[in-house]
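Before any comments, here is the structure.
Protein chains in written order, with my numbering: chain E, 68 to 252; chain L, 68 to 252.
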């Protein structure tokens, strides 16, 4: 069964916003989705609302590609390293432009934009995961470690996204150094 | 004396590209500069060329706000920490949207774009500075340390730019941990 117009729009939005940025036009989005502009505006108030909905509906999928399974029996240290192994692996794929939630916020430059709010929350959820693992792993300062790991996450994603670094041999040693310094064994 | 049309266009470009992103229109740029579109196209082949020229001509100024003076007598460790103190200080300013050279590359999503090439080179110059100081400071692996510090630089700038972190109490401890691990005393 062919996906619904709404699904096709969300799918096209995910692909085109990531590839071309938030400036991509409504016509290109509708064309890629095979949906008329009239239909699009019946489903979404505006392109901004489509972007926000797209980021929101794909948040669980996005976090699932990064986070380890709940209670997988591994240590907090291993679970944190799992996230960064995913980052390194994703960065190696062709057409990688960095974290879509970070990119949307950088491009929109408006923290009150509905899509920025969604992106901000998704990234806060990732930091919350890292903080919980840092605490569980006995970090001397779980808040600091969670901020440091979030910084590495975003630094790694953007540098790979712009082709400034391959991340190979970079992310794991960096995270390991920070985990060691925080006492997470 | 009023700056030349070329100077006014470069100044308007620096402000508006940083504030609104690379999607800002030619009309807005010309209006802010007080220059006709006809004059703009006599001076720059395209908006892309204006963006590339703006990034290129402001590169020295940009690096000068970050880097310590040559041979200021301080240790490599102190000179590296100087860069990150500047990052933290800049991030505290209102209307901070992160490193303009990083933002341009993220927004353009095309490494062959003339402005991306300029931005790539400016960021490579910063990494080269960090690598030289890492080597001078006796880092066990100067390449790795320079990549780590570049990652922290971009991670810190973007996270402050999107309002995800204030950087207070984050950047200095992170850089210190990496310097210590690399044996840069």
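C-beta: ideal position from N, C-alpha, C; glycine also.
Between the CA atoms of residue j and residue i - distance to the nearest angstrom
i	j	result
residue 150/L	residue 246/E	24 Å
residue 49/L	residue 83/L	Residue coverage of chain L in this structure runs from 68 to 252, which leaves residue 49/L outside it and unanswerable.
residue 120/E	residue 78/E	11 Å
residue 89/E	residue 175/E	7 Å
residue 55/L	residue 231/L	An answer regarding residue 55/L cannot be provided, because it is not within the stretch 68 to 252 covered by chain L.
residue 118/E	residue 96/E	11 Å
residue 186/L	residue 111/L	18 Å
residue 69/L	residue 99/L	14 Å
Chain E contact for residue i (CB, 9 Å cutoff)
i	result
residue 191/L	yes
residue 237/L	yes
residue 225/L	yes
residue 174/L	yes
residue 215/L	yes
residue 147/L	no
residue 178/L	yes
residue 169/L	yes
residue 220/L	yes
residue 183/L	yes
residue 186/L	yes
residue 140/L	no
residue 164/L	yes
residue 211/L	yes
residue 245/L	yes
Proximity test, Cβ basis, 9 Å: residue i and chain L
i	result
residue 88/E	yes
residue 241/E	yes
residue 129/E	no
residue 82/E	no
residue 230/E	yes
residue 248/E	yes
residue 256/E	Residue numbering for chain E in the displayed model covers 68 to 252; residue 256/E lies beyond these limits and cannot be assessed.
Residue ranges of each alpha helix (DSSP H) within the region 103 to 141 of chain E, 4 or longer: 104 to 110, 114 to 124, 126 to 133
Beta strand (DSSP E) runs wholly inside the region 149 to 228 of chain E, at least 3 long, in chain order: none
Contact the region 192 to 209 of chain E vs the region 133 to 152 of chain E: 3+ CB pairs below 8 Å: yes
Given 8 Å, three or more beta-carbon pairs between the region 237 to 246 of chain L and the region 199 to 217 of chain L: The region 237 to 246 of chain L vs the region 199 to 217 of chain L: in contact.
contact_flag[the region 222 to 240 of chain L, the region 161 to 181 of chain E] where n(CB pairs < 8 Å) is 3 or more: yes
At least three beta-carbon pairs within less than 8 Å, the region 214 to 224 of chain E to the region 179 to 188 of chain E: Using a Cβ-Cβ distance cut-off of 8 Å, the region 214 to 224 of chain E and the region 179 to 188 of chain E are not in contact, since fewer than three pairs of beta carbons, one from each stretch, lie closer than that value.
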